[in-house]
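Let me begin by presenting the structure, written as structure tokens, before commenting on it.
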Amino acid sequence: MTEEMTLDAAAEAMREAMRKTVRRGSLLYLIQGILLVIAGVLALVYPLITNVALAIFLGWMLLLSGIVQAVTLIGGGKTPDFWLQLISAALSVIVGFLFLRNPAVAVGTLVMLMSVFFMIEGISKTVFSLTIRPFPNWGWVLASGILGILIAVWLLANPAMSLLLLGILIGVQLVAEGIAIATMAWMARKETR
30 MTEEMTLDAA AEAMREAMRK TVRRGSLLYL IQGILLVIAG VLALVYPLIT NVALAIFLGW
90 MLLLSGIVQA VTLIGGGKTP DFWLQLISAA LSVIVGFLFL RNPAVAVGTL VMLMSVFFMI
150 EGISKTVFSL TIRPFPNWGW VLASGILGIL IAVWLLANPA MSLLLLGILI GVQLVAEGIA
210 IATMAWMARK ETR
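Every letter in the sequence shown is one number past the one before it in my numbering, and letter 168, counting from 1, is 197.
Structure representation (structure tokens):
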């Protein structure tokens, strides 16, 4: 006999488990939230330094990931598509090394990749919105797609401002995430008193 649970009951059980977890570590979550807000404010004040730090971080991640992938492949014996995976690992190491060697160029590369991402995302959302056109609210998807295309064009047309924008977006994200985590932790601490 299997025990069945309704979707609402499962959702409530998950929420309660999350509440307990947050209550237990509320002080650490509060500290984490405050640190994220501080990091976000620093990123907003120093967006170019943030960009360089991001490029260095990504450089190390790519370099280490490529090395681990190569070692795993070589030590793992017969692997499907061995050479293709080894090429992927080598490219990861090379790109990581290049990012570390010249972080300023890496930041420009990141802005270019963001532009390509926004353009592809914008075009695909625009096409998708036109295919779902009879559905309610299809216009919001269309607006989102057009906005993505406009952002991509703006990023490409204003490379100097784009460099600032990347750091600012990171700062805004860190502040928003920090506030969310700190608020959740603060409310959990108030509940336990």
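Note that CB positions come from ideal geometry on N, CA and C, so glycine has one too. Only a predicted model underlies this, so the values are computations on that prediction, with no experimental measurement involved.
CA nearest to the CA of residue i, picked from the options
i: Ser158; options: Ser173, Leu192, Ile116 and Leu71; result: Ser173
i: Gln202; options: Leu139, Glu41, Ile67 and Ser55; result: Ile67
i: Ile210; options: Val51, Glu33, Trp112 and Val81; result: Val51
i: Leu185; options: Gly69, Val156, Met143 and Thr212; result: Met143
i: Phe146; options: Tyr58, Ile78, Ala46 and Leu176; result: Leu176
i: Pro76; options: Gly207, Ile199, Glu206 and Glu220; result: Ile199
i: Glu206; options: Glu41, Gly62 and Arg53; result: Gly62
i: Glu220; options: Pro163, Arg53, Ala39 and Pro165; result: Arg53
Spatial distance of residue i from residue j (CA atoms)
i: Leu83; j: Ile60; result: 23 Å
i: Leu87; j: Gly125; result: 7 Å
i: Leu64; j: Leu192; result: 24 Å
i: Gly151; j: Ile178; result: 5 Å
i: Val304; j: Met141; result: Past the boundaries of the shown model lies residue 304; the chain is included only from 30 to 222, so the question cannot be answered.
i: Leu36; j: Val182; result: 44 Å
i: Arg44; j: Asn187; result: 45 Å
i: Arg130; j: Trp89; result: 11 Å
i: Glu33; j: Thr212; result: 34 Å
i: Ala42; j: Arg48; result: 10 Å
i: Ala189; j: Gly104; result: 45 Å
i: Leu57; j: Ala46; result: 17 Å
Residue i burial status per 10 Å Cβ neighbour count (16 or more: buried)
i: Phe128; result: buried
i: Lys154; result: buried
i: Leu195; result: buried
i: Leu120; result: exposed
i: Thr79; result: buried
i: Leu139; result: buried
i: Ile149; result: exposed
Own chain, CB closer than 8 Å to residue i, minus 5 neighbours either side, in chain order
i: Tyr161; result: Reading the sequence as shown, one finds Ile at residue 161 and not Tyr. Only Trp167 and Val170 meet the Cβ criterion.
i: Leu102; result: Thr108, Phe111, Gln114, Leu115 and Ala118
i: Leu91; result: Ser121, Val122, Val124, Gly125 and Phe128
Anticipated Cβ contact below 8 Å, residue i with residue j, distance rounded
i: Ala99; j: Ala118; result: 4 Å
i: Val74; j: Val136; result: The pair is not a contact, with the Cβ atoms about 17 Å apart (cut-off 8 Å).
i: Val70; j: Val204; result: 7 Å
i: Ile85; j: Pro132; result: 5 Å
Own chain residues within Cβ distance below 6 Å of residue i, not counting five before or after
i: Ser55; result: Ala214, Ala217 and Arg218
i: Leu93; result: none
i: Thr180; result: The question names Thr, yet the displayed sequence has Ile at residue 180. Phe147.
i: Ala39; result: none
Own chain partners of residue i with C-beta closer than 7 Å, once the 5 adjacent residues on each side are dropped
i: Met30; result: Interpretation of Met30 is limited by its pLDDT of 45, a score under 50 that renders its predicted location unreliable; no figure is taken from the coordinates.
i: Pro163; result: none
i: Ile197; result: Leu73 and Pro76
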